[in-house]
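Sequence order for the protein chains is A and B. Per my numbering, residue 1 is the first one in the first sequence, and the count goes up by one each step. Per my numbering, residue 1001 is the first one in the second sequence, and the count goes up by one each step. Report on the following structure.
2 protein chains.
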Amino acid sequence: MRYSKEHKQQTHQRVIETASHAFREKGIDGVGLSNLMKQLGLTHGGFYDHFPNKEALVTEACTCAFEKSSEWLEHVASHYPGEEAIKILDSYLSQQHRDNPGDGCILPSLAGDMFRQPDPVRQVFTEGIKRYQNQLAQLLEGKTEDSQEQAIALLSAMVGCLTLARAVNDPMLSDEILKVGHNYFSKLLGLESRQS
Amino acid sequence: MRYSKEHKQQTHQRVIETASHAFREKGIDGVGLSNLMKQLGLTHGGFYDHFPNKEALVTEACTCAFEKSSEWLEHVASHYPGEEAIKILDSYLSQQHRDNPGDGCILPSLAGDMFRQPDPVRQVFTEGIKRYQNQLAQLLEGKTEDSQEQAIALLSAMVGCLTLARAVNDPMLSDEILKVGHNYFSKLLGLESRQS
DNA sequence: TGTACATCAGTGAACGCGCGTTCACTGATGTAC
DNA sequence: TGTACATCAGTGAACGCGCGTTCACTGATGTAC
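Structure (structure tokens):
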């Protein structure tokens, strides 16, 4: 079949977005290219018209996931001026986020495997984390003097908290981890005094 | 070959301990049973004299890793009375720990994959995390009223911090993540005022 | 003390399976005349 | 407007590979006599 000029680009983008979701949900090794293409109504052979190999897809899919997080941060920044930080905590440490890894932040899903990945993928993560840090720092700016440091501490804490909340199979413990994390990490930001 | 009575038990234990290290270093899917047995000077066929399947090894190896963490906490508790919390942070967020995942805490290595694992493995993690929380809480007891909550918040934060420090391939950023995490999370514990 | 035998931890060939990757092919469509 | 052709996104059989798992076998050793 021959298609319009943008058709191949669209397919390329669809593969990336489907993969981005699937990787977060099932892990990188948990997603086979054959199954992935089938999800899109295509066959596995066509994959190599779009990417030289699986690793290239992984880097593009991770880039895409970080991009989504960046957009989310911008969205929060523009819609909740003055209470960005607490909104980020609310959303990041929500049951909704915990229960839908495929739609959420890539860090709790895949960061734990990063030190075992080839360098191009780690590179994408490194840049993604730096960008995350910068954007968070911007939102915290003015509230503290060391917003860059606060940003990376907050990101670390949120990632760990969501990771543990997902890991346990006891729903009550999981809920508690989210609740306690939300409570303590807002203290970390000095938000406690603002709220009370 | 026929051996002394304890010989099989010893082999069983050696498999578990080698696997426990290998899983943390290479991930569960990254460790093949054939290679694992070869590391021990055995052949892959013998594996099934010790375990019904790989999943059983995974649960035993994870249990073993949590046990090691528990011993480490006890060690800190008995050797640094009065400054347990800061010693835990020092050690957990150290370059040594970051650079040796195989010998370290299982959580930054494998917790991110747990929500994709079968239930028996998640069960081991759930119990391990509860035990971690209780032991940490005991060390914090007296310093705060809500030591259970503080314990799980601290654990979350440390796990996330080490995970990100390992994920990035920029050594300076990685060091900074550790340093900033150490700084901020000791604030979270109210240790800052104690030290200054 | 010496010999025959039972035990059983460990061996290694073989299995089916899904993986990433390759490649000769297809066939609908845009284009040239 | 109608026809022949070139394009190229997508097809699907085939590849080698490592995986988890099975199983008939081995052979050193403890034990019985």
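Backbone N, C-alpha and C fix where the C-beta goes; we use that ideal spot for every residue, glycine too.
- Under the 8 Å Cβ criterion, the stretch 1025-1034 of chain B counts as touching the stretch 103-117 of chain A, having at least three qualifying pairs.
- Around the C-beta of Tyr1132/B, 16 or more other C-beta atoms lie within 10 Å, and the residue is accordingly described as buried.
- As DSSP reads the structure, Glu67/A sits in no beta bridge.
- Contacts with chain A at 9 Å (Cβ-Cβ) do not include Thr1059/B.
- Two segments are said to touch when three or more pairs of C-beta atoms, one from each, lie closer than 8 Å; by this definition the stretch 96-109 of chain A touches the stretch 8-25 of chain A.
- Taking all protein chains in view, the Cβ of Gly128/A is crowded by 16 or more other Cβ atoms within 10 Å, so the residue is classified as buried.
- In the DSSP annotation of this structure, the continuous segment of the alpha helix (DSSP H) that includes Gln39/A starts and ends at Leu33 to Gln39.
- Sequence-distant Cβ neighbours of Tyr1080/B in its own chain, meaning closer than 6 Å and more than five residues away, are Lys1087.
- Taking CB atoms only, Ala153/A has a neighbour in chain B less than 9 Å away.
- The three-state reading of DSSP puts Glu1083/B in coil, since its state is none of H, G, I, E or B.
- The C-beta of Gly181/A has 16 or more other C-beta atoms within 10 Å across all chains shown, which makes the residue buried.
- Residue pairing by DSSP places Thr1018/B opposite no residue, since no beta bridge is assigned to it.
- Our two residues, Glu6/A and His50/A, have alpha carbons roughly 13 Å apart in a direct line.
- Interface with chain A (9 Å Cβ-Cβ cutoff): Ala1157/B is included.
- For a cut-off of 8 Å, the C-beta gap from Ile1016/B to Phe1066/B is around 12 Å, too long to register as a contact.
- Per DSSP, reduced to three states, the secondary structure at Glu74/A is helical.
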